[in-house]
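The structure appears below as structure tokens.
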Amino acid sequence: MIDVLGCGALNLDLFYEVADLEGLRSLGFDLVPGGEKVGTPDEARRLLSHLRRAGRLRASGGGGSAANATWILSRMGWRTAFLGGVGSDAEGAAVLESMSGVDCTGVRRRGRSPLCIVVLDAGRRDRALYLVPGDDWPVPDLSPETPPARLLHLSSLVPEAGRRFQERLLRDRPPAGWVSFDPGEVYARLGAAVMEPWLRRTHLLFVTEQEAAMLAGGGGRAAASTLLGMLAPAEAPPGFPLPAVVLKRGRAGAAFVSREAALEVPAVPVREVVDNTGAGDAFAAGVLHGLLSGWSAAAALEEGARLAARSLAGYGRSWLGAAGA
139 MIDVLGCGAL
149 NLDLFYEVAD
159 LEGLRSLGFD
169 LVPGGEKVGT
179 PDEARRLLSH
189 LRRAGRLRAS
199 GGGGSAANAT
209 WILSRMGWRT
219 AFLGGVGSDA
229 EGAAVLESMS
239 GVDCTGVRRR
249 GRSPLCIVVL
259 DAGRRDRALY
269 LVPGDDWPVP
279 DLSPETPPAR
289 LLHLSSLVPE
299 AGRRFQERLL
309 RDRPPAGWVS
319 FDPGEVYARL
329 GAAVMEPWLR
339 RTHLLFVTEQ
349 EAAMLAGGGG
359 RAAASTLLGM
369 LAPAEAPPGF
379 PLPAVVLKRG
389 RAGAAFVSRE
399 AALEVPAVPV
409 REVVDNTGAG
419 DAFAAGVLHG
429 LLSGWSAAAA
439 LEEGARLAAR
449 SLAGYGRSWL
459 GAAGA
């Protein structure tokens, strides 16, 4: 048995910095700070053409929400594996290389790799994500050899085939332990009715307040309480009641809402924000590390806040050096 099985997008992330996002919106690119937009390859080429002239390429590397969290957990010493798809191109090879330490035998390769254009607003130190799916998503082989896991961690997949695969994964191959889910805007926009097969099997849900409102209507604790009622019960370590909803609030920290307790943790102050793209994924990895370690929810949230703050110091995953977390 392994500790963590991740499933979600495997992107090549390109980090471009611009003076402000308003200039891009005036050109017809609907990019807002903190937001995500799914685009077409033609639109991506037009955006990249502009960014190469008016922006500055800061970094590139592997990305994807569940991929980031799974990779961080591997660097923290957990046995990890991943199910997903990338292209058979050079970008796909680079993405797989970036997942070093994670068992990626369950990743299939075909066609063109997915792309995530991360546009950083130099003034606000915030970002907008422009997601471009690859070719037809290569469905992984959910074989009997797929290792059972203590934790299954899911994030969004744009292609319909990817969503169908995750539904089948939840239905046919439930983990030996818990299911955690970080839907992001891509899934949250679909609403709770579409996401019900995921939510009914989820024990720990990570959402921003905006995503909670998209899924449940309303906002804040009210939306979290509505979503909590849809989640699956589970046994958990003492002091870490499940099911639970974790509200990711950025600079305002995070909140943990369960039937037994409600907790808050402040964000850890930092001197400088280089890139906040993967801060939520680093936070989720810290919380999941606490769950796997048998910690209380309060201790797990503090670990999440610590890792999120560390992640702000570099682009993508560059903040986590050879020494680990």
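Numbering follows the working numbering, in which position 194 of the sequence shown is assigned residue number 332; successive positions increment by one, without gaps.
Just so you know, even glycine gets a beta-carbon here, dropped at the ideal spot from N, CA and C.
Residue range 228-236 is occupied by the alpha helix (DSSP H) that includes residue 233, with no beta strand (DSSP E) assigned at that position. In the same chain as residue 176, and ignoring 5 residues on each side of it, the C-beta atoms closer than 6 angstroms to its own belong to 269, 296, in chain order. Under the three-state reduction of DSSP output, residue 316 falls in the strand class. Setting aside the 5 residues that flank it on each side, residue 359 is surrounded in the same chain by 395, each with a C-beta closer than 7 angstroms to its C-beta; the list follows chain order. As DSSP reads the structure, residue 402 sits in a beta bridge with 393. Judged by beta-carbon spacing, residue 339 lies beyond the 7 angstroms limit of residue 314, meaning their Cβ atoms are not closer than that value. Under the three-state reduction of DSSP, residue 203 is assigned to helix.
The three-state reading of DSSP puts residue 267 in strand, counting E and B together. Contact annotation: residue 264 and residue 158 have beta-carbon atoms that are not nearer than 7 angstroms. Within the region 308-353, the runs of beta strand (DSSP E) that reach at least 3 residues and sit entirely inside it are, in chain order, 316-320, 342-346.
Under the three-state reduction of DSSP, residue 428 is assigned to helix.
For residue 294, no alpha helix (DSSP H) run applies, since DSSP gives it neither H nor E.
In the structure shown, the three-state DSSP call for residue 249 is coil. Apart from sequence neighbours up to five positions away, the residues of its chain that approach residue 347 with a beta-carbon distance below 7 angstroms are 357, 358, 385, 387, ordered along the chain. According to the DSSP assignment, residue 439 belongs to the alpha helix (DSSP H) that extends over 435-449.
Here the C-alpha atom of residue 397 lies approximately 29 angstroms from the C-alpha atom of residue 172. A residue is called buried when at least 16 other Cβ atoms come within 10 angstroms of its Cβ; residue 271 meets this threshold and is buried.
Beta-bridge analysis with DSSP links residue 218 to 142.
For residue 410, there is no enclosing alpha helix (DSSP H), as DSSP marks it with neither H nor E. The beta carbon of residue 165 sits closer than 7 angstroms to the beta carbons of 188 from its chain, once the five residues preceding and following it are set aside; these are given in chain order. In this structure, DSSP gives residue 158 a state outside helix and strand, which the three-state scheme calls coil.
By the Cβ test, the region 223-236 is not in contact with the region 433-440, since fewer than three Cβ pairs between them sit closer than 8 angstroms. Annotated as distal: residue 417 and residue 382, with beta-carbon spacing of 7 angstroms or more. Shown here, residue 455 sits in coil according to DSSP, grouped into three states, outside any helix or strand.
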